[in-house]
Every structure is written in structure tokens, then in C-alpha cells.
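To start, the structure under review is shown below, and the notes come after it.
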Amino acid sequence: DAGVTQSPTHLIKTRGQQVTLRCSPKSGHDTVSWYQQALGQGPQFIFQYYEEEERQRGNFPDRFSGHQFPNYSSELNVNALLLGDSALYLCASSSWGDTQYFGPGTRLTVL
Amino acid sequence: EDQVTQSPEALRLQEGESSSLNCSYTVSGLRGLFWYRQDPGKGPEFLFTLYSAGEEKEKERLKATLTKKESFLHITAPKPEDSATYLCAGRAHSGNTPLVFGKGTRLSVIA
Chain F
207 DAGVTQSPTH LIKTRGQQVT LRCSPKSGHD TVSWYQQALG QGPQFIFQYY
257 EEEERQRGNF PDRFSGHQFP NYSSELNVNA LLLGDSALYL CASSSWGDTQ
307 YFGPGTRLTV L
Chain P
21 EDQVTQSPEA LRLQEGESSS LNCSYTVSGL RGLFWYRQDP GKGPEFLFTL
71 YSAGEEKEKE RLKATLTKKE SFLHITAPKP EDSATYLCAG RAHSGNTPLV
121 FGKGTRLSVI A
């Protein structure tokens, strides 16, 4: 049984560009949550998708947006990249209200 | 504001030297205290969920406990492969509220 998968593994962008990160949840899970983890910090909640709708959102600007598809996979889009957006982006999947399982992450570097 | 604080920030142990990591929380209506292990550059790996004060869970050399204000992760006779960052997270209220993470404790076990 495949766990949570994310792509790409690493990404390098320049300031002002846009990026799309992808996540496939664990089999049987219907909820996807996205987190940003800066170096030496704990993950910070960005937003959560369930039934193709954004259900909850953390303290992140509108430059961060997402989508969930009918097969429960999800995308995270970040527009107008800033140097401070450099981080490990984590996707976590779960059944509604249950334990969250994380993917390996996407390392984004903004130059 | 919901908050999770972990201590110490870093811990260095000799192989076989038991110790405990602390996680104190102020999370409204706690509905789950979670422990994860994270290796460098990887996504967090789920370890335990605790729901009520007095609850204990064990896995190999790890035991997690919960009180009304804090949780402990006890490591008995650690081995070098236990070296990792251990993250604690709380979930507030009910439903699928997001996880609030601490900054983690970076554990190094020296042979």
C-alpha cells in the first residue's frame, strides 16, 4: 500500500515566479492538509481540503492557494514567490478527523 | 492562542542512556496529542496518539505519556538509529482541526 506521495522532491525558483506542488494521499484517505516547515521549526498549517473544498486555512497570504481533485489528490500553488517562501512543504493525508500521515515533502528554494 | 512547547531543543545521549523529552501544551479542548519522528530532509513519521490524561502508549524503546498539561516521550536504552527530531503536536476541539506543532527536540544518540 503506497503511502503519501509528493512531487517534485526538490525545486529551485527565482523571486516573483509561481510554483505548483502535488500530493497523492494514502489509499482510503479523503482529506489533505498542507504544511510549511522552515529550517529548525515545526510544521505550520497552510490549509486543508476535504470534498474538493478548502475547509480550514492557517495564517498564510492569498498567494498560497490550492485545489483538491475528485481522486482526492491535491495541489499547492504559490504565486509571486518571496525568498521567505523557501522551506520544506509537507502534505498530510487522513480520513476525516483521524490521524494525519505525512509525505516525504518538497524542498523549495527561492533565489 | 493554541501553543505547543518542546524541551529541550537538543539532547545528546550515550547509547543505552535513557531520558525523556517534554511537550507542554495550551490547546483549547485538546482532542489528541501526537508524536512524530522526523529524519533530516524527510517528512514526519507518525509514532503515537494520546487522547486522555493518564494514557500511555509504547513502541519498541519509546513510551509516550499524557497529563492534563504536558506529554513525555520516554526513550529507554536508546540506540544510534533513534537519532532524529521528535515533534509533538496538539489538535484542538473536535472534527478535523489542524495540528499545532512544537519546534521539536533534536536527539543525537552516540555509540
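Just so you know, the protein sequences line up as chains F and P, in that order.
Residue 317, in the numbering used here, is where the first sequence stops; the numbers in between run on with no holes.
Residue 131, in the numbering used here, is where the second sequence stops; the numbers in between run on with no holes.
We treat Cβ as the ideally placed atom computed from N, Cα and C, and that holds for glycine.
Only a predicted model underlies this, so the values are computations on that prediction, with no experimental measurement involved.
Beta carbon of residue i nearer than 8 Å to that of residue j
i: residue 89 (chain P); j: residue 26 (chain P); result: no
i: residue 272 (chain F); j: residue 283 (chain F); result: yes
i: residue 75 (chain P); j: residue 83 (chain P); result: no
i: residue 212 (chain F); j: residue 309 (chain F); result: yes
i: residue 128 (chain P); j: residue 32 (chain P); result: yes
i: residue 29 (chain P); j: residue 126 (chain P); result: yes
i: residue 67 (chain P); j: residue 110 (chain P); result: no
i: residue 294 (chain F); j: residue 311 (chain F); result: yes
i: residue 258 (chain F); j: residue 276 (chain F); result: yes
i: residue 247 (chain F); j: residue 254 (chain F); result: no
i: residue 108 (chain P); j: residue 70 (chain P); result: no
i: residue 93 (chain P); j: residue 73 (chain P); result: no
Outcome for residue i when other beta-carbon atoms lying within 10 angstroms are tallied against a minimum of 16
i: residue 64 (chain P); result: buried
i: residue 121 (chain P); result: buried
i: residue 245 (chain F); result: exposed
i: residue 60 (chain P); result: exposed
i: residue 98 (chain P); result: buried
i: residue 208 (chain F); result: exposed
Proximal residues to residue i (C-beta, below 7 Å), its chain only, five neighbours per side dropped
i: residue 241 (chain F); result: 249, 250, 251, 252, 296 and 298
i: residue 34 (chain P); result: 130
i: residue 39 (chain P); result: 31, 33 and 95
i: residue 223 (chain F); result: 287
Cut-off 6 Å between Cβ atoms - residues of its own chain near residue i, not counting five sequence neighbours on either side
i: residue 216 (chain F); result: 313
i: residue 237 (chain F); result: 256, 300 and 302
Cα-Cα separation between residue i and residue j, rounded to whole angstroms
i: residue 292 (chain F); j: residue 226 (chain F); result: 14 Å
i: residue 118 (chain P); j: residue 256 (chain F); result: 13 Å
i: residue 101 (chain P); j: residue 36 (chain P); result: 12 Å
i: residue 274 (chain F); j: residue 43 (chain P); result: 33 Å
i: residue 316 (chain F); j: residue 266 (chain F); result: 17 Å
i: residue 106 (chain P); j: residue 285 (chain F); result: 32 Å
i: residue 23 (chain P); j: residue 55 (chain P); result: 15 Å
i: residue 229 (chain F); j: residue 81 (chain P); result: 32 Å
*Taking a cut of 8 Å between CB atoms, which residues from the stretch 62-83 of chain P lie near chain F?*
Those residues of the stretch 62-83 of chain P that come within reach of chain F (Cβ to Cβ, closer than 8 Å) are 62, 63, 64, 65, 66 and 69.
*Below 8 Å between beta carbons is the criterion; list the residues of the stretch 95-123 of chain P that meet it against any residue of chain F, in chain order.*
Cβ contacts with chain F: 107, 109, 114, 115, 116, 117, 118, 119, 120, 121, 122 and 123.
*Taking Cβ-Cβ distances below 8 Å as the criterion, which residues of the stretch 245-259 of chain F are in contact with chain C?*
Going by chain labels, chain C is absent from the structure shown, which instead holds the protein chains F and P.
*Between the stretch 223-240 of chain F and chain P, which residues of the former have a C-beta closer than 8 Å to a C-beta of the latter?*
Going along the stretch 223-240 of chain F in chain order, one finds 237 and 239 with a Cβ nearer than 8 Å to chain P.
*Mind listing which residues of the stretch 288-300 of chain F have their C-beta closer than 7 Å to chain P's C-betas, in chain order?*
Under the 7 Å Cβ criterion, the stretch 288-300 of chain F contributes 296.
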